[in-house]
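Quick note: the sequence shown, position 52, residue 51 per numbering that gives the first Met the number 0, numbers continuous.
Ideal Cβ positions, reconstructed from N, Cα and C, are used throughout, including at glycine.
Down below is the structure, laid out as structure tokens.
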Amino acid sequence: MKHYHVNVNGTDYEIEIEEISAEEAKSRQTEAKPAPAATSASVPTGAETVSAPMPGTILEVKASQGQSVNKGDVLMILEAMKMENEIMAPKSGKVVSVNVSKGASVKTGDVLCAIE
0 MKHYHVNVNG TDYEIEIEEI SAEEAKSRQT EAKPAPAATS ASVPTGAETV
50 SAPMPGTILE VKASQGQSVN KGDVLMILEA MKMENEIMAP KSGKVVSVNV
100 SKGASVKTGD VLCAIE
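This is how it looks when you write it as structure tokens:
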């Protein structure tokens, strides 16, 4: 364990740094991966998909499978570039699949949910 003094914006901090092996670092990285986004394979045929408009992280999922929604209802909150973006229903209908969960990282175009 190594001890250091660090000054950040005029405030002094004392920190300890533990040196770990490359194997331990790799195992910690695999444990800390965010939940992956689901694929479009779980979207029923004929349903309208709601896709991620930009890459980000799902902060909250407000819709659940089987729930009736109206056009403009908030389905989930996507954090991107430190901004919270409301993902809204493009039409009224029934949510037939929710393909992501809270904490999932998504890319542009990933299917978030589907509505019939």
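Membership of residue 11 in the beta strand (DSSP E) is indicated by the continuous run 10-16.
The stretch 11-29 makes no contact with the stretch 50-58: fewer than 3 CB pairs, one atom from each, lie closer than 8 Å. Bridge pairing for residue 82: 79 [DSSP].
Burial is judged here by how many other beta carbons sit within 10 angstroms of a residue's own beta carbon; residue 11 has fewer than 16 and is exposed. The C-alpha of residue 8 is placed about 51 Å away from the C-alpha of residue 65.
For the set 76, 13, 69, 82, the Cα lying nearest the Cα of residue 101 is the one of 76. Secondary structure note for residue 50: its beta strand (DSSP E) is the uninterrupted segment 47-50.
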